[in-house]
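Listed in order, the protein sequences are those of chains A and B. When the letters of the first sequence are read in order and numbered with the numbering used here, they come out as residues 34 to 367. When the letters of the second sequence are read in order and numbered with the numbering used here, they come out as residues 4 to 168. Written out below as structure tokens is the structure these notes cover.
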Amino acid sequence: MMRSEPRALQLNEHGQLKHFLTLDGLDKTLLTEILDRAESFLSMGEQSVKKVPLLRGKTVVNLFFENSTRTRTTFELAAKRLSADVINLNIETSATSKGESLLDTLQNLEAMQSDMFIVRHSDSGAAHFIAEHCTPNVAIINAGDGRHAHPTQAMLDMLTIRRHKGGFEGLKVAIVGDIMHSRVARSQLQALTTLGVSEVRLVGPKTLVPSFFAEMGATICHDLEAGLKDVDVIVMLRLQKERMKGALLPSESEFYRLYGLTEDTLAWAKPDAIVMHPGPINRGVEISSEVADGKHSVILNQVTNGIAIRMAVMSMAMSGQLQCDESPMAGEDK
Amino acid sequence: MKLDLEGPLASMKEQLSAYCEKKNIEDAIVVGIHTGGVWVAEQLMSVVPTNEALATLDITFYRDDFTMAGLNPKVNQTSLPAIEDRHVILVDDVLMSGRTIRAAMNEIFDFGRPASITLAILYDLGQHELPIAADIVGQRLTLNPDQRVKLVGPDPLSVSIMDTH
Chain A
34 MMRSEPRALQ LNEHGQLKHF LTLDGLDKTL LTEILDRAES FLSMGEQSVK
84 KVPLLRGKTV VNLFFENSTR TRTTFELAAK RLSADVINLN IETSATSKGE
134 SLLDTLQNLE AMQSDMFIVR HSDSGAAHFI AEHCTPNVAI INAGDGRHAH
184 PTQAMLDMLT IRRHKGGFEG LKVAIVGDIM HSRVARSQLQ ALTTLGVSEV
234 RLVGPKTLVP SFFAEMGATI CHDLEAGLKD VDVIVMLRLQ KERMKGALLP
284 SESEFYRLYG LTEDTLAWAK PDAIVMHPGP INRGVEISSE VADGKHSVIL
334 NQVTNGIAIR MAVMSMAMSG QLQCDESPMA GEDK
Chain B
4 MKLDLEGPLA SMKEQLSAYC EKKNIEDAIV VGIHTGGVWV AEQLMSVVPT
54 NEALATLDIT FYRDDFTMAG LNPKVNQTSL PAIEDRHVIL VDDVLMSGRT
104 IRAAMNEIFD FGRPASITLA ILYDLGQHEL PIAADIVGQR LTLNPDQRVK
154 LVGPDPLSVS IMDTH
């Protein structure tokens, strides 16, 4: 079956977000609009009332075929802050585990008048597949699919970088660790290059940093010191041992010795460098506790920013869905 | 076409001062609706008996036409102090359908229950779609269907009537 182009599938005829599946094909203007929108929601999070009626009456289904407490919780909180009704589908006890096909499950959820599916799946392309087969008035948000993409995680990382660094121009960013299995790294690389950073370095052992990433605009580094030299941003990734079929590493302690971020190795970066991690953190495997909890760490800011980014994407996608058959109106209602 | 701004503003100040005195409104919270309402509210602060700084409201996330018009590209920050049992003077540049004011009141009530809300409007276009009317009106205007009032500011503040096509 022919696959729809990501851009054509994600945007409506007015160029507005209809689904959010991948950052591939999305331009700087749209990514900046997502970041700006998230800033608005972030400031709302500082108020005593953290809820707006934007998605009142809409039903959002968290469709998690793969576990993730943090991502699911932040999507749920984001939807609830937009006043949507949220259903968390427990896949362990759902019909798919009894043999029902994914499409049958989808059709049942659509028949319940759902408006948005948040999809997490261990297979690459699952969210894309669902977007191709769902009815036109349902928005699909990819919450991570296989090794392919994790666009909301990448965008919350972009928001964190912009808030701490003021922008992207001229920044050097190092993404360190298990690049090969990381959908986060792929989406981050697309976002960073689109937003105009000067250099993205992918740092790790040859077994975990394939050379083909150079074709996507990254600099490949197998030496940590060279990779961290004078960078503004360090993104540490979790070793995804559950996705490793063979022995790609001698040992965790060996990895930590060669690629772990400690106070000593952090000193190779710029003095004001920020340290990020999409979580969950393996302390003493990718990063030391001193750095994870230290003054350079913005890891908890990433979590806060994640709610705002998810609110932004959900509200924009829902607006794009509803405008499929309608022309946008100009002007303000007074 | 340029509109007179000084006359309606002076009228608003006079009406608002008398209104606050008559209703015994003291230490009110003046709330300007972004963007034009904030500029007008700044002009009115001097006649309102209050120690509070000007508060601001952006009703983007409370609009009832989100599904048709999408989201405004720029959302300003809502900044309100504690409003429970306080008198609120809500200020906007134009009252047309009344939907912006409905959204603003919904947002205000998400912050608490004010003692009262007084609505002050620079230009009332008289095309109300909801049972909402202003207490203070700078000037009532009757426009053709394809005309809109456009306020430019904040310094200098000026106002004109624009054709929409």
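Heads up, the beta-carbon is just placed ideally off N, CA and C, and yes, glycines get one too.
Contact between Thr70/B and Asp366/A is ruled out by a C-beta separation of about 13 Å, above the 8 Å threshold. Around the CB of Arg143/B, fewer than 16 other CB atoms lie within 10 Å, so the residue is classed as exposed.
The beta strand (DSSP E) runs of length 3 or more contained entirely in the region 48-118 of chain A are, from start to end of the chain, 92-97.
For Lys239/A, same chain residues with a beta-carbon under 7 Å away, outside a window of 5 residues either side, are His255 in chain order. For Cys23/B, the uninterrupted alpha helix (DSSP H) segment begins and ends at Glu9 to Lys25. Using beta-carbon distances, Val94/B does not count as an interface residue toward chain A, since no partner is under 8 Å.
Note that the C-beta distance between Gly73/B and Gln223/A is not below 8 Å. Two segments are said to touch when three or more pairs of C-beta atoms, one from each, lie closer than 8 Å; by this definition the region 290-307 of chain A touches the region 319-339 of chain A.
The residue among Met351/A, Gly312/A and Gly158/A with its C-alpha nearest the C-alpha of Arg103/A is Gly312/A. Here Val93/A is not near Thr193/A, since their CB atoms are 8 Å or more apart.
Per the C-alpha coordinates, the member of Leu64/A, Ile340/A and Met309/A positioned closest to His197/A is Met309/A.
For Asp68/B, a Cβ of chain A is located within less than 8 Å of the residue's own Cβ. According to the DSSP assignment, Ser82/B belongs to no beta strand (DSSP E), since it is labelled neither H nor E.
Glu66, Asp69 and Arg70: these are the residues of the region 54-70 of chain A whose beta carbon lies less than 8 Å from some beta carbon of chain B, given in chain order. Every unbroken stretch of the beta strand (DSSP E) spanning 3 or more residues and falling wholly within the region 150-203 of chain A is given here in chain order: 172-178. Secondary structure note for Glu29/B: it is in no beta strand (DSSP E), with a DSSP letter that is neither H nor E.
Interface criterion met: the Cβ of Asp366/A is under 8 Å from a Cβ in chain B.
Annotation: Glu38/A to Lys84/A spans about 35 Å, alpha carbon to alpha carbon. Taking a Cβ-Cβ threshold of 7 Å, the residues of chain A close to Gln80/B are Ser76, in chain order. Residue contact with chain A for Thr59/B: absent (no Cβ-Cβ distance below 8 Å to any residue of chain A). The Cβ neighbour count for Ser134/A, taken over all protein chains shown within 10 Å, is under 16; the residue is labelled exposed. Nearest CB-CB separation between Met99/B and chain A: below the 8 Å threshold. In terms of Cβ geometry, Met213/A and Pro243/A form a close pair [threshold 8 Å]. With a threshold of 16 other beta carbon atoms within 10 Å, Phe112/B falls short and is exposed. Burial state of Asn175/A is buried, judged by a 10 Å Cβ sphere holding 16 or more other Cβ atoms. Against chain A, the beta carbon of Arg102/B has neighbours under 8 Å at Asp366 and Lys367, listed in chain order. The DSSP-derived three-state label of Gly39/B is helix. If you draw a straight line from the Cα of Gly58/A to the Cα of Arg40/A, it is about 5 Å long.
Taken in chain order, the members of the region 87-114 of chain A whose beta-carbon sits within less than 8 Å of a beta-carbon on chain B are Leu87. In chain B, no part has a C-beta under 9 Å from the C-beta of Met149/A; the shortest such distance is about 13 Å. Closest in alpha carbon position to Ala13/B, among Met48/B, Lys77/B, Gln130/B and Tyr65/B, is Met48/B.
According to the DSSP assignment, Glu232/A belongs to the beta strand (DSSP E) that extends over Glu232 to Val236. For Ala207/A, no alpha helix (DSSP H) encloses it; the enclosing beta strand (DSSP E) starts and ends at Lys205 to Val209. Chain A has no Cβ within less than 8 Å of the Cβ of Tyr22/B. Taking the Cα positions, Val94/B is about 16 Å away from Pro84/B. Two segments are said to touch when three or more pairs of C-beta atoms, one from each, lie closer than 8 Å; by this definition the region 67-79 of chain A does not touch the region 199-211 of chain A.
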